[in-house]
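As given, the protein sequences belong to chains G, D and P, one line each in that order.
Quick note on the numbering used here: the first sequence kicks off at 1 and runs consecutively.
Quick note on the numbering used here: the second sequence kicks off at 1 and runs consecutively.
Quick note on the numbering used here: the third sequence kicks off at 1 and runs consecutively.
We put the beta carbon where it would ideally sit given N, CA and C, even for glycine.
Below is one structure; the comments refer to it alone.
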Amino acid sequence: MTLGSVPSKFKVSIDRDQCMDCGRCIENCSYGVYRREGDKILIESRKCTACLRCVSMCPRDAITLTEKPVDYRSHPIWTREVREDIIKQARTGKIILSGMGNVRDLPIIYDRLLLDACQVTTPSIDPLREPMELRTYLGKKPSKLKFRKTESGDVELETKLAPNLKLDTPIMIGHMSFGAISLNSQLSMAKAVTEAGTYMGTGEGGLHRDLYPYQDHMIVQVASGRFGVDIDYLERGAAIEIKIGQGAKPGIGGHLPGEKVNEEVSRTRMIPYGSDAISPAPHHDIYSIEDLVQLIRSLKEATEWKKPIFVKVAAVHDIGAIAAGISRSSADAVVIDGFRGGTGAAPKVFRDHVGIPIEVAISKVDQTLREQGVRNEISVIASGGIRSSADLAKSIALGADAVYIGTAALVALGCRVCGNCYRNLCPWGIATQRPDLVSRLDPEAGAAQVSNLIHGWTMELGELMGAAGINSIESLRGNRNRLRGYMLDEGTLKVLDVLPAGA
Amino acid sequence: MKSVRIDARGMHYTPLNQKIRAAVADGVEEIILDNVLGQRFIGDGLRGNVRIIINGVPGGDLGMFMSGPTCIVNGNAEHAPGNTMNKGMLVIHGSAGDAVAHSMRGGKVFIKNNIGYRGGIHMKQYDADARPTLVIGGTAHSFLGEYMAGGLVLVLGIGKEKAMTDRGIGSGIHGGEIIIRGDVDEHLLGVGAKKFKFTEADLERIAPIIKSFCEQFGYDPAEFLDTNYTKIGPASSRPFAGKYVWE
Amino acid sequence: MCGIIGFIDRTKSRIDGSSIKAALSLMNERGSGYGAGYAAYGIYPEYADYYALHVFFDNLAKPKKKVDEILQQWGEIVHQEEIPTTPQPNMQKVHISWRYFFKPSEELMAGRMTSEDDVVTYIVMEVNSNVKGATIFSSGKNMGVFKASGWAEEVADFYRIQDYKGYIWLAHNRYPTNSPGWWGGAHPFNLLNWSVVHNGEITSYGTNKRYVEEYGYKCTLFTDTEVVAYLFDLLGRQHELSHEMIVRALAPPFWEDIDQMPPKEAELNKAIRLTYGPALMNGPFAIVVGTDDGIVCFTDRIKLRPLVVGENGNRLYISSEEAAVRILDPEVKNIHTPRAGEPIIARFIE
């Protein structure tokens, strides 16, 4: 091999004066960085992923981790990443796969949007003392209502409401499948959303029987592989989501590697044990928009029109027109997933280069649906890179009804965003099926952490709304007047339909 | 046997399916649908053991998500009959469109004549009693058994010189088997598909299916009970394992 | 912030504007001299079948020529004149106030415009967004809005408000906060026979505006109150909701209360919130709306602005302050303050 090795990404060292030689680092590191030889703990830094499991478990704070201990000659164009990708492909001739979301250092629009608050001319509202309504209904809404007078002279509603999901807070947890993540991760999140009065997605991994007690808070996904999909599954879900695409890898399918397909995963997905679970790029019964309508209606027929049907698409260039097409199908909600969305594994070139930011996608979809006069009839759910209650509030002000979080929920479970989800070695027991690792995640504790996160964001959202003099989430939705852009270019401001700060 | 007749002329599929569900709930064992023309989703998500006789041409997604019943169509079928079907049986006394038995996980789909493109696409099985079977009396177009992850596709080529003449057979197959009457040209095989010898043991295994198919359509099974078949299966259960390198 | 007044005589017996002016002037502490206005219903009985279009022109050359053209294209002008005014020492005449009496032509009604009201709505939106130097600020039948920058009594004297007799009066003095103190930004805001006076600030304006814009309305007057007139037109005229239901949509009960209601009532209120969520008005407000068949008044859901109601026989008085009501009618009875979000509706007696 003429290429030789590339420099190690991290350097791990132990302060031998602090170390009490307890061996917790050896036990905890699933990547094999540490081993004991004689009376010494040896370190193999090259294996380190910076998952920080050892650091967080070391009782003496004896472990230090340095990033890029040996670096390349700095160069603005031929970055370390570029050089290493070339070396890797020169070695293998293959497609580079990567975990988690987009890592490119592109401007984050959320960080350049500022929220409003009231001063003098209108009072802020204190959510502690006064009502603050975050309740959100997802699903089809009538464009207008009809009433009739009864014989006794009472007014009665004539319009029939379509089924809607009732959310106590507009934060849902997105679709991460059993298989990609562990059952204990799903259980933690399922307990949390049930407690918080909201919902989570199953992903395309079926619904494990241990999640049945939480099925009223689960949105079951139907994706191109149809894994785990049967009539029982469809009937258990609170809603059904058709996944067309995903922000982390628009336009391509997914492959769950055979080594993650153990007996439980096989049974839940209803696929053969140990074989790759392949979700094709398109649904092979959807090659055109009218075929999407057919799938939506077949799901509705199968469940006797009792379930809202969501359609999830990746945010791509023509997202407005795509959402408009979906709005004219029988879909109850459209989910748009921005290019910062996470994933267990995606080809790096897709993860980092395909799709558009969720912020502009929300704005464009909201605008296009308004031009069609149907904005309030269909719900819009945003996902892909939502990191805080501020991102949440801004998403709603741009026009979303609710958001899905993914990575944020995993971080609440312990994830340190090391990006090695595809290796089945997640030392936090999240992105793995290895029983010893999975057992590290206690579903009760995990549920409390995720639920805390949702509660914290919910309170912050209430405070932000109160400061803006708004006591009901409907009045924040699409309220672009309460946003200003800071250091955003004119073109982006126009797409966002937001004024610059000071204007 | 408790039986009802429903005249489906001009009826939308939602009330039609409601009537079918009501009849099933009422303990009806046989439902005869007359004048069916284009109604989609017949038997969609339906459970139980009812037998539905469809006189006419049903619309797409016949028996989708179906789990148990039998549908017998006296006519052709459209797009994707048996889509994501779990259990039960479809018998089509004619031909069907594209994506027949798409993602089917169990039960049987018998087509007397021909099917379109991508038949049996992504069929899969996960244990012994969930093994989907698609049998085609005539022939099929390209990409038969594409992405297949389990189950059996059988093409008999009745009345044809060659059972299969379209390309892309078993493209991306990573489970299950495609069995075709007679020989199949190597160049018709899709990426990841491989020919295997069809043995006496294979014949023994599929003989009950051949017999059942022949019984439905009035053929003599003896004509088909030999080893003049080609078996096509996956070259690997991990067809894409060699495509990627991790970051 | 602002002071508002509403008056109705349910038998359509008319009163002149002098007492309205006196009552509004009493609340000058609530204004800032940057805007006042009056709406009076029943003032043009001789042209009762024609739309009275009140227009601010920057000059009578190009802008007026353009408006004349649009009106002639869409129907017939039966009469037009400058609205009579008397110069006031401290008021600058920024615009020329003009009025047309207009009838849309039936032959031109097609497509989205199937009624006279649709045509007039279209003309108002077209002129206000596309004709520079012209603003139609009143477009109802047998009614008119009179407004300008100035104190309550100055604007009243400027327009000779004592010369008009009406059975509904709305009045407003303004302390502008979210827009410049220009004439078009003074209240009342009007479209067709809907006129609105408003005390407060609508924090949901951005949401409400985007909602009405889906239906072809254009918010051009830089003030949140404008959208209320369009919400009433959309829900009342286009969706045919009753006044009670409109108020229920704009200031709906809290979910906590809806959850306590009997199932049928809860379903009705839930349907309103789901369907008309984008019309929900947030922030502090007390609003009086003049309509074809009476007046409607209501406050925000947590009663952040004052509103006093008094009655005397067939007359109903509404104001920000009780003193103003007592100026209108020293004999007034049954003074009370409505609950948050509760609609007070007075209709004419046929």
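9 angstroms Cβ cutoff, residue i in contact with chain D
| i | result |
| --- | --- |
| P427 of chain G | no |
| K394 of chain G | no |
| R73 of chain G | no |
| S388 of chain G | no |
| P500 of chain G | no |
| H255 of chain G | yes |
| I278 of chain G | yes |
Cutoff 9 angstroms: residue i Cβ touching any chain G Cβ
| i | result |
| --- | --- |
| H79 of chain D | yes |
| P284 of chain P | yes |
| G200 of chain P | yes |
| Q238 of chain P | yes |
| S242 of chain P | yes |
| K243 of chain D | yes |
| L280 of chain P | yes |
| R9 of chain D | no |
| R51 of chain D | no |
Contacts that residue i makes with chain P (C-beta to C-beta distance below 8 angstroms)
| i | result |
| --- | --- |
| E133 of chain G | F254 and W255 |
| P142 of chain G | A271, L274 and T275 |
| G373 of chain G | E214 and Y215 |
Chain-ordered chain G contacts of residue i [CB-CB under 9 angstroms]
| i | result |
| --- | --- |
| Q125 of chain D | M270, I271 and P272 |
| I302 of chain P | I125, E130, P131 and N471 |
| L386 of chain P | Since the first residue shown for chain P is 1 and the last is 350, residue 386 of chain P is missing from the structure and cannot be characterised. |
| G74 of chain D | For the sequence presented, residue 74 of chain D should be read as Asn rather than Gly. Near N74 of chain D there are no residues of chain G at all, since even the closest Cβ is about 22 angstroms away, more than 9 angstroms. |
| R347 of chain P | Going along chain G, no residue has its Cβ under 9 angstroms from R347 of chain P, so there is no contact; the nearest lies around 16 angstroms. |
Selection from the options that minimises the alpha carbon distance to residue i
| i | options | result |
| --- | --- | --- |
| Y219 of chain D | D:D127, D:I179, D:I158 and D:I178 | D:I158 |
| V288 of chain P | P:H187, P:Y44 and P:S25 | P:H187 |
| A171 of chain P | P:L221, P:S13, P:R14 and P:G35 | P:G35 |
| A23 of chain D | D:D34, D:V50, D:V36 and D:A235 | D:V50 |
| G373 of chain G | P:D163, P:V212, P:C297 and P:E82 | P:V212 |
| T194 of chain G | G:G205, G:A238 and G:N164 | G:A238 |
| I70 of chain P | P:M113, P:K141 and P:V119 | P:V119 |
| C58 of chain G | G:N452, G:E304, G:M218 and G:I14 | G:I14 |
| R457 of chain G | G:L398, G:D391, G:L413 and G:T492 | Note on residue identity: the sequence assigns Trp, not Arg, to residue 457 of chain G. Taking only the C-alpha atoms, the option nearest W457 of chain G is G:D391. |
Residue i Cβ short of 8 angstroms to the ligand SAH heavy atom set
| i | result |
| --- | --- |
| N59 of chain P | Only the bare structure without any ligand can be found here, which leaves the ligand SAH out of the picture. |
Residue-chain proximity (residue i, chain P), Cβ-Cβ < 9 angstroms
| i | result |
| --- | --- |
| T64 of chain G | no |
| T458 of chain G | no |
| A468 of chain G | yes |
| R340 of chain G | no |
Listed by chain order, chain D residues near residue i by CB distance under 8 angstroms
| i | result |
| --- | --- |
| T303 of chain G | G45 |
| Y422 of chain G | W246 |
| K94 of chain G | G242, K243, Y244 and V245 |
Buried/exposed call for residue i, threshold 16 Cβ in 10 Å
| i | result |
| --- | --- |
| P58 of chain D | buried |
| P213 of chain G | exposed |
| K68 of chain G | exposed |
| S115 of chain P | exposed |
| A503 of chain G | exposed |
| I335 of chain P | exposed |
| F101 of chain P | buried |
Cross-chain neighbours of residue i in chain G, by beta carbon under 7 angstroms
| i | result |
| --- | --- |
| Y205 of chain P | N481 |
| M148 of chain D | Result: empty, since nearest Cβ-Cβ is about 10 angstroms, beyond 7 angstroms. |
Contacts that residue i makes with chain A (C-beta to C-beta distance below 9 angstroms)
| i | result |
| --- | --- |
| M245 of chain P | Protein chains G, D and P are contained in the structure displayed, whereas chain A is not. |
Proximal residues of chain D, C-beta to C-beta of residue i below 9 angstroms
| i | result |
| --- | --- |
| L234 of chain G | G45 and F65 |
Partners in chain G for residue i, counting only beta-carbon separations shorter than 8 angstroms
| i | result |
| --- | --- |
| G145 of chain D | None at all; the shortest Cβ gap to chain G is about 12 angstroms. |
| R112 of chain P | Per Cβ cutoff of 8 angstroms: no residues; R112 of chain P is ~11 angstroms from chain G at best. |
Jot down the residue ranges of each uninterrupted beta strand (DSSP E) in the segment 302-382 of chain G, minimum 3 residues, whole runs only, in chain order. 309-314 and 333-337
Which runs of the alpha helix (DSSP H) spanning at least 4 residues fall entirely within the segment 388-469 of chain G, listed in chain order? 389-398, 407-413, 435-438 and 443-467
Completely contained beta strand (DSSP E) runs for the segment 52-133 of chain D, where each covers 3 or more residues: 67-74, 87-92 and 108-111
Mind listing, in chain order, the continuous alpha helix (DSSP H) runs of no fewer than 4 residues lying wholly within the segment 135-219 of chain G? 183-196
Considering only residues of the segment 150-225 of chain P, which uninterrupted alpha helix (DSSP H) runs meet the minimum length of 4 residues and lie entirely inside it, listed in chain order? 152-158 and 205-213
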